[in-house]
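If you number the sequence shown the way the numbering used here does, the last residue is 140 and the count never jumps. Yeah, the Cβ is synthetic: ideal placement off N, Cα and C, and Gly gets one too.
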Amino acid sequence: MSDLNEAQSKQLAIELFNKTWQFLDMENRGDDDDEMMLQCAYASCYHWRAAGTDLNQARGEWMISHVAAVLGMAETSLHHAKRSLKICEHHGFGDFDLAFAYEAMARAAAALKDCKGHDKYLALAHAAGEQITKTEDKKVFIDGLEAGPWFGMR
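Shown next as structure tokens:
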């Protein structure tokens, strides 16, 4: 995949993931910022795949889905939400990660104007969110769930 060693890929994955969050938190992103944000999300996921765990890969797929939703790229958002959920289900990841995988599915469905899919996955996200054991993780999830975009579905 890459000529980088595992430690270098892991460091890049972390830095790119954090940079993606910096772009998401920007109040006045321009088109170039949006493009860089998407590229950072993809690059982070790539490096997690090279050096991370399956859980890191699920989170990388979630990030791409989230960024794509924010950018109004509904099909791309759904594709990566499905990948995140599939990884979580296959490996038995629950708690925080399963809740966010369902959130990604709900958000992607909302972007596609799929009311039935949105409602189904939002209910699953809420139920999974109730099972999050760590208080801080639960707060992060609830805050994420309350944040947009929801494309008029909420």
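With contacts defined by Cβ atoms closer than 8 Å, Y28 and I0 do not form a contacting pair. Taking 8 Å as the cut-off, the Cβ atoms of L41 and F79 count as close. For Q43, the three-state secondary structure derived from DSSP is helix. Taking the Cα of V56 as reference, the smallest distance to any Cα among D20, E47, R45 and L2 is reached at D20.
Judged by beta-carbon spacing, A87 lies beyond the 8 Å limit of C101, meaning their Cβ atoms are not closer than that value. If only uninterrupted alpha helix (DSSP H) runs of at least 4 residues are considered, those enclosed by the segment 4 to 58 are 17 to 37 and 40 to 56. For R93, the enclosing alpha helix (DSSP H) has its first and last residue at D81 to A97. For K120, there is no enclosing alpha helix (DSSP H), as DSSP gives it neither H nor E. Under the DSSP assignment, R69 falls in the alpha helix (DSSP H) whose first and last residues are A60 to H77. Spanning the alpha carbons of W48 and D17 requires a straight line of approximately 22 Å. Taken through DSSP and simplified to helix, strand or coil, A113 comes out as helix. Judged by beta-carbon spacing, H104 lies beyond the 8 Å limit of A90, meaning their Cβ atoms are not closer than that value. For Q43, the number of other beta carbons within 10 angstroms of its own is at least 16, and it is reported as buried.
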